[in-house]
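Sequences listed follow chains W and H, in order.
Per this note's numbering, the first sequence starts with residue 1, numbered consecutively.
Per this note's numbering, the second sequence starts with residue 485, numbered consecutively.
A virtual CB, placed ideally from N, CA and C, is assigned to each residue, including glycine.
For clarity, every value in this text was computed on a predicted model and none was experimentally measured.
2 protein chains.
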Amino acid sequence: MPVMAKRGLTPHDEDFSAWYNEVVYEADLVDHSPVRGSFVIRPYGYALWENIQRELDAMFKATGHENLYFPLLIPVEFFEREAQHVEGFSPELAVVTHAGGKELEAPLAIRPTSETIIGELYAKWIQSYRDLPLLYNQWANVMRWELRTRPFLRTTEFLWQEGHTAHATAEEALEETRRMLDVYATFARDFAAIPVVEGEKTEGERFAGALQTLTIEAMMRDGKALQSGTSHYMGENFARAFDITFNDLDNEQAYVHTTSWGFSTRFIGAIIMAHGDDAGLILPPKLAPHQVVITPIAKRNDADGAERVGREAARVADALRAAGVRVKVDAREGMSPGWKFNEWERKGVPLRIELGPKDLEAGTAVVADRLSGEKTSVALDALAGDLPDRLERFHERLMERARSFRDAHIDEAHTYEELVEKVEHGWVYATHCGDPESEAAIQEATKATVRCIPLEGPSAEGTTCVHTGKPSGYPRKVIFAKAY
Amino acid sequence: MPVMAKRGLTPHDEDFSAWYNEVVYEADLVDHSPVRGSFVIRPYGYALWENIQRELDAMFKATGHENLYFPLLIPVEFFEREAQHVEGFSPELAVVTHAGGKELEAPLAIRPTSETIIGELYAKWIQSYRDLPLLYNQWANVMRWELRTRPFLRTTEFLWQEGHTAHATAEEALEETRRMLDVYATFARDFAAIPVVEGEKTEGERFAGALQTLTIEAMMRDGKALQSGTSHYMGENFARAFDITFNDLDNEQAYVHTTSWGFSTRFIGAIIMAHGDDAGLILPPKLAPHQVVITPIAKRNDADGAERVGREAARVADALRAAGVRVKVDAREGMSPGWKFNEWERKGVPLRIELGPKDLEAGTAVVADRLSGEKTSVALDALAGDLPDRLERFHERLMERARSFRDAHIDEAHTYEELVEKVEHGWVYATHCGDPESEAAIQEATKATVRCIPLEGPSAEGTTCVHTGKPSGYPRKVIFAKAY
Numbered sequence: 001m002p003v004m005a006k007r008g009l010t011p012h013d014e015d016f017s018a019w020y021n022e023v024v025y026e027a028d029l030v031d032h033s034p035v036r037g038s039f040v041i042r043p044y045g046y047a048l049w050e051n052i053q054r055e056l057d058a059m060f061k062a063t064g065h066e067n068l069y070f071p072l073l074i075p076v077e078f079f080e081r082e083a084q085h086v087e088g089f090s091p092e093l094a095v096v097t098h099a100g101g102k103e104l105e106a107p108l109a110i111r112p113t114s115e116t117i118i119g120e121l122y123a124k125w126i127q128s129y130r131d132l133p134l135l136y137n138q139w140a141n142v143m144r145w146e147l148r149t150r151p152f153l154r155t156t157e158f159l160w161q162e163g164h165t166a167h168a169t170a171e172e173a174l175e176e177t178r179r180m181l182d183v184y185a186t187f188a189r190d191f192a193a194i195p196v197v198e199g200e201k202t203e204g205e206r207f208a209g210a211l212q213t214l215t216i217e218a219m220m221r222d223g224k225a226l227q228s229g230t231s232h233y234m235g236e237n238f239a240r241a242f243d244i245t246f247n248d249l250d251n252e253q254a255y256v257h258t259t260s261w262g263f264s265t266r267f268i269g270a271i272i273m274a275h276g277d278d279a280g281l282i283l284p285p286k287l288a289p290h291q292v293v294i295t296p297i298a299k300r301n302d303a304d305g306a307e308r309v310g311r312e313a314a315r316v317a318d319a320l321r322a323a324g325v326r327v328k329v330d331a332r333e334g335m336s337p338g339w340k341f342n343e344w345e346r347k348g349v350p351l352r353i354e355l356g357p358k359d360l361e362a363g364t365a366v367v368a369d370r371l372s373g374e375k376t377s378v379a380l381d382a383l384a385g386d387l388p389d390r391l392e393r394f395h396e397r398l399m400e401r402a403r404s405f406r407d408a409h410i411d412e413a414h415t416y417e418e419l420v421e422k423v424e425h426g427w428v429y430a431t432h433c434g435d436p437e438s439e440a441a442i443q444e445a446t447k448a449t450v451r452c453i454p455l456e457g458p459s460a461e462g463t464t465c466v467h468t469g470k471p472s473g474y475p476r477k478v479i480f481a482k483a484y
Numbered sequence: 485m486p487v488m489a490k491r492g493l494t495p496h497d498e499d500f501s502a503w504y505n506e507v508v509y510e511a512d513l514v515d516h517s518p519v520r521g522s523f524v525i526r527p528y529g530y531a532l533w534e535n536i537q538r539e540l541d542a543m544f545k546a547t548g549h550e551n552l553y554f555p556l557l558i559p560v561e562f563f564e565r566e567a568q569h570v571e572g573f574s575p576e577l578a579v580v581t582h583a584g585g586k587e588l589e590a591p592l593a594i595r596p597t598s599e600t601i602i603g604e605l606y607a608k609w610i611q612s613y614r615d616l617p618l619l620y621n622q623w624a625n626v627m628r629w630e631l632r633t634r635p636f637l638r639t640t641e642f643l644w645q646e647g648h649t650a651h652a653t654a655e656e657a658l659e660e661t662r663r664m665l666d667v668y669a670t671f672a673r674d675f676a677a678i679p680v681v682e683g684e685k686t687e688g689e690r691f692a693g694a695l696q697t698l699t700i701e702a703m704m705r706d707g708k709a710l711q712s713g714t715s716h717y718m719g720e721n722f723a724r725a726f727d728i729t730f731n732d733l734d735n736e737q738a739y740v741h742t743t744s745w746g747f748s749t750r751f752i753g754a755i756i757m758a759h760g761d762d763a764g765l766i767l768p769p770k771l772a773p774h775q776v777v778i779t780p781i782a783k784r785n786d787a788d789g790a791e792r793v794g795r796e797a798a799r800v801a802d803a804l805r806a807a808g809v810r811v812k813v814d815a816r817e818g819m820s821p822g823w824k825f826n827e828w829e830r831k832g833v834p835l836r837i838e839l840g841p842k843d844l845e846a847g848t849a850v851v852a853d854r855l856s857g858e859k860t861s862v863a864l865d866a867l868a869g870d871l872p873d874r875l876e877r878f879h880e881r882l883m884e885r886a887r888s889f890r891d892a893h894i895d896e897a898h899t900y901e902e903l904v905e906k907v908e909h910g911w912v913y914a915t916h917c918g919d920p921e922s923e924a925a926i927q928e929a930t931k932a933t934v935r936c937i938p939l940e941g942p943s944a945e946g947t948t949c950v951h952t953g954k955p956s957g958y959p960r961k962v963i964f965a966k967a968y
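If you want it as structure tokens, here you go:
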């Protein structure tokens, strides 16, 4: 009973959006659910998230943070205590009005983010400068009732981590905000092979209630940007709203300075769109659920040969596991090797090993590289020694490919006309005055927004705003791009 | 500015319930939240949960299960598809009626458990016998609107894992149900040092919709039982309700057989109440956030001494970490060593190391054992070699203490009067007919319930029900006990 091969994907040059939707379902990352805008994250997608979690969590702990868990439900009135926060989040709340068969006296919101309930507890936990800094993080689900949803990119429920810290001084809190942005950027580069750009959001794009929002922006293969992680400095805004004070060294009462920073399942969308091609996913080896898949190949009606090949595949897999490689043997029956190759190609497995009776005789195996498409014959006994290094180089090549692509798709505009033209094809550096009305007008005309004021990049010195002709609002040229 | 020592705990012989409430707050495991029945799990409590998760998750994966994630919200009407399930869970649902500023067309419940939404997806994913077994698990938050709540034991929101599997035959599904019960029992014994009893629930105590519910029951130090993990065989109940069918080997359509199994933050309550004493927690070393806490001690106004002691504490900590020990150096200023000792005693750290100038001169450190209370002098250079073994023996002694306590508090009753008398002091084996009305009458009179029909224990052969005089309903005597 042969299994039908799935149809090919829409070429991503032709319709990137269709390509994305096909990939997420056909690579078994997600499925629809009966609840509008909520998706099931299937095992292959969830394994990616587990790998992201493990690495990020280790980085959080290495920078002194501890995990904890706050309640899912937050009294709706809490959101009203911080004026900008309520404006930003109220329209998207999902609200529990009934529980235990009765109407609640006061409605409870499913957390869209937890600053408010955390503020309430921090006010209780923080008394003295000795209690600071408070460096906490939680891994949780959150909900924002979005109208248009897309798997990973915009979903009513999503999984994330939210770090929430409190500090004695603005300086320390600003350092923390930057430190966690750098953690995100380092993670994106070193584990996901995505050369993100670090920068600061303009006032209009800040988190609701923040004085500063830092962001990492990733370039997708259609030239658009994806905001991939943000880190916020709240100043005393939440401390004042929730009365989080401490006795300082001089025994004077002062407000703490807080930060928050978040990274979500949205990043899986970034991985898909930063690396994928017309055959499907290409996964960065350090996060791939399977770094290597071994497909044993046997002739029909050759039970002996099948057993020998199966035994050798298991032996190679054990040797690779011992070398620290995440490896899977695909011994499924009723599917042709070609069908399996297609599946693992679509699922973006970095290296495939094909192992048939002839290979066995020659004492070799064929290693297929998902990025270059090359097939190399490698001696069986050399595999465990060779593959960890090959995976490391795969990561570097993937990073280099993404960096080249990014750099080829960032341009600079000196006039508004140039901006309008160039932003159709990628990201554009341009001087901007910082006026929110001008930002809005540019977005209206081009669908592009200011992604960030980059921490590094061309200086704006001696230039004027491409849109208004006014002086630059920032020390550097900003990055305009269309975005997810 | 000296920190005030916290007051002592209520002795647990005097008021076990007051002792429990004091311990959970004063050991910084939880805090109240502004939402009734929801608690904040503080870093020290959450670190326990992370350790539980890590070990259980490895056991699930070693038995072939994969993780995935289903939506938080479930259409309320889904619960109505399985008659017993809706009866069991409807009264406890928290319901979202409004989202995104509008009233929803159909209300959505926050999951109390996910059989229904998972059933809907399994019906889509399972077509052929080749798709079976489906062995999935999710780590998630769930909500059951309880009236009376207690930290960890009964909370409106709690964290858990729920495994959901589908099989071609009843036999395979029953094997899985038992396999996962054994995983729970092994975990409880080997990691938490809790000698749980494995058994089957009577019909009245089964999970809503299950044909068989297996349980692990743990004995608390007040002689009560705590149900600590359950594994359910659903037969075809959910398959029929959600139309989960497959083409079998003969190409005939058949219903799958499903199981589910869950383990939650409730187990933290079991750890507290199975091991704690009047001084606070006693944590099993394999799950303790800190297995060893080192307190450097220095004389006032001896900065040089303080520096030498601090340096040596850091060196010992590094050596212990390299030996695989989770170790913390408590270098906080402004607190006396005695205050710190009390705190780590209350927090149940298995081994404490005290390191002062005199110890340094002698080349030794004092190792204090939380279980025995003994203090031993150990050569500094021997610590890293000695402590891993000492922690292993701590685990064994803790297990032995719990086993002795359990065995001393299980008795057997041959008459109803004996049952009534003995169940005041612990667990009681007695023959029962299996009649639900008799079970209810016994509960009414004694507040004790049938905890389980144990998988091992005294045979009921030749005996009759202590309550009704009718023949035994089960091959073994059941266990009666009061329970949390």
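For this session: Please classify D381 of chain W: is it buried, with 16 or more other beta-carbons within 10 angstroms of its beta-carbon, or exposed?
Result: D381 of chain W comes out exposed.
Problem set entry | Contact set for H409 of chain W: own chain, Cβ-Cβ below 8 Å, skip 5 residues either direction | Answer for H409 of chain W: M219, G223, H425, G426 and W427, listed in chain order.
Exercise. Are the C-beta atoms of T149 of chain W and some chain H residue less than 8 Å apart?
Worked result: Chain H, which has no Cβ nearer than 8 Å to the Cβ of T149 of chain W, makes this no.
Problem set entry | Cutoff 7 Å; reference A790 of chain H; Cβ partners in own chain excluding five residues on either side | For A790 of chain H, the CB contacts under 7 Å within the same chain, skipping 5 residues up- and downstream, are A782 in chain order.
Problem set entry | Completely contained alpha helix (DSSP H) runs for the region 556 to 623 of chain H, where each covers 4 or more residues | Counting only runs of 4 or more, we get 567 to 573 and 599 to 609.
For this session: Just the C-alpha distance for R370 of chain W and E312 of chain W, rounded to the nearest angstrom, thanks.
Result: Just so you know, the alpha carbons of R370 of chain W and E312 of chain W end up roughly 23 Å apart.
For this session: Classify A5 of chain W as helix, strand or coil using the three-state DSSP reduction.
Result: With a pLDDT of only 43 at A5 of chain W, under the threshold of 50, the placement of this residue in the model should not be trusted; the figure read from the coordinates follows. DSSP places A5 of chain W in coil when its eight states are reduced to three.
For this session: Out of H:C917, H:P769, H:M883 and H:E921, point me to the one whose CA is closest to N535 of chain H's CA.
Result: In terms of Cα proximity to N535 of chain H, the closest of H:C917, H:P769, H:M883 and H:E921 is H:P769.
For this session: Output the residue ranges of the alpha helix (DSSP H) runs that lie fully inside the region 887 to 951 of chain H and measure 4 residues or longer, sorted by chain position.
Result: 900 to 906 and 920 to 930, all fully within the region 887 to 951 of chain H.
Exercise. At what residues does the alpha helix (DSSP H) containing F554 of chain H begin and finish?
Worked result: For F554 of chain H, there is no enclosing alpha helix (DSSP H), as DSSP marks it with neither H nor E.
Problem set entry | Backbone CA spacing between E205 of chain W and K482 of chain W [nearest angstrom] | In a straight line, the C-alpha of E205 of chain W is about 14 Å away from that of K482 of chain W.
Exercise. If you drop the 5 nearest sequence neighbours on each side, which residues of the same chain put their C-beta closer than 6 Å to that of R154 of chain W?
Worked result: Correct list, in chain order: E146.
Exercise. What residues from chain H crowd round I117 of chain W, counting only those whose CB sits closer than 9 Å?
Worked result: Near I117 of chain W (Cβ distances below 9 Å), the residues of chain H are S517, P518, V519 and V524.
Exercise. Smallest Cα separation from I926 of chain H: which of H:W823, H:A709, H:L903 and H:Y913?
Worked result: Nearest C-alpha to I926 of chain H: H:L903.
For this session: List the endpoints of the continuous beta strand (DSSP E) containing S231 of chain W.
Result: Its beta strand (DSSP E) spans residues A225 to G235.
Exercise. So which residues on chain W does A578 of chain H lean against when the C-beta distance must stay under 7 Å?
Worked result: Taking the beta carbon of A578 of chain H as reference, the chain W residues within 7 Å of it are V96 and A99, listed in sequence order.
Problem set entry | Unbroken stretches of the beta strand (DSSP E), 3 residues or longer, contained in the region 256 to 315 of chain W | If only uninterrupted beta strand (DSSP E) runs of at least 3 residues are considered, those enclosed by the region 256 to 315 of chain W are 257 to 264 and 292 to 296.
Exercise. Which whole runs of the beta strand (DSSP E) in the region 11 to 73 of chain W are 3 residues long or more, in chain order?
Worked result: Entirely contained in the region 11 to 73 of chain W, the beta strand (DSSP E) runs reaching 3 residues are, in chain order, 30 to 32 and 39 to 41.
Exercise. Which value, in whole angstroms, describes the spacing of the CA atoms of S404 of chain W and H275 of chain W?
Worked result: Here the alpha carbons of H275 of chain W and S404 of chain W stand approximately 12 Å from one another.
Exercise. Using the beta-carbon of each residue, which ones in chain H are nearer than 7 Å to W19 of chain W?
Worked result: Within chain H, no residue comes near W19 of chain W; the closest Cβ sits about 23 Å away, beyond 7 Å.
For this session: Check the DSSP bridge columns for N141 of chain W and list the partner residues they point to.
Result: Bridge pairing for N141 of chain W: W:L159 [DSSP].
Exercise. Within the 8 Å Cβ cut-off, does A5 of chain W reach chain H?
Worked result: Low per-residue confidence applies at A5 of chain W: pLDDT is 43, beneath 50, and the placement is therefore not dependable, though the value from the model is reported in the following sentence. Contacts with chain H at 8 Å (Cβ-Cβ) do not include A5 of chain W.
Exercise. Where V850 of chain H and P71 of chain W are concerned, what is the direct C-alpha to C-alpha distance, given to the nearest angstrom?
Worked result: Going by the C-alpha atoms only, they are around 41 Å apart.
For this session: Below 7 Å CB to CB, which residues in the same chain sit around A489 of chain W once its five sequence neighbours on both sides are set aside?
Result: A query on residue 489 of chain W cannot be resolved here, the shown segment of chain W reaching from 1 to 484 and no further.
For this session: Could you work out which residues of chain W lie near I594 of chain H, taking near to mean beta carbons separated by less than 8 Å?
Result: Result: L72, V96 and I110.
Exercise. Would a check of beta-carbon distances place R614 of chain H closer than 8 Å to chain W?
Worked result: True, the Cβ-Cβ gap to chain W drops below 8 Å.
Exercise. Could one say the Cβ of L159 of chain W lies closer than 8 Å to chain H's Cβ atoms, at least one of them?
Worked result: The beta-carbon of L159 of chain W is placed less than 8 Å from the nearest beta-carbon of chain H.
Exercise. Would you say F722 of chain H and I610 of chain H are within 8 Å of each other, going by their C-beta atoms?
Worked result: In this structure, I610 of chain H does not lie closer than 8 Å to F722 of chain H by Cβ.
Problem set entry | Cross-chain neighbours of L733 of chain H in chain W, by beta carbon under 7 Å | At a C-beta separation below 7 Å, L733 of chain H has no neighbours in chain W, since its nearest C-beta there lies roughly 11 Å away.
For this session: Output the distance between the C-alpha atoms of G492 of chain H and D499 of chain H, rounded to the nearest integer angstrom.
Result: G492 of chain H and D499 of chain H: Cα-Cα distance of roughly 14 Å.
Problem set entry | Residue closest to R805 of chain H, alpha-carbon to alpha-carbon, out of H:N785, H:R877, H:L871 and H:A676 | When only C-alpha atoms are compared, the closest one is H:L871.
Exercise. What's the call for S820 of chain H, buried or exposed, on a 16-neighbour Cβ count within 10 Å?
Worked result: Result: exposed.
For this session: Determine the DSSP secondary structure at A254 of chain W, reduced to helix, strand or coil.
Result: Annotated three-state conformation of A254 of chain W is strand, per DSSP.
Exercise. Excluding five sequence neighbours on each side, which residues of the same chain lie with their C-beta closer than 6 Å to the C-beta of G64 of chain W?
Worked result: If we look at G64 of chain W and ignore the five residues flanking it on each side, its Cβ neighbours are L135.
For this session: Please confirm whether L360 of chain W and R390 of chain W have their CB atoms less than 8 Å apart.
Result: Going by C-beta atoms, L360 of chain W is not nearer than 8 Å to R390 of chain W.
Exercise. Alpha carbon to alpha carbon, how far is G356 of chain W from L665 of chain H?
Worked result: Spanning the alpha carbons of G356 of chain W and L665 of chain H requires a straight line of approximately 41 Å.
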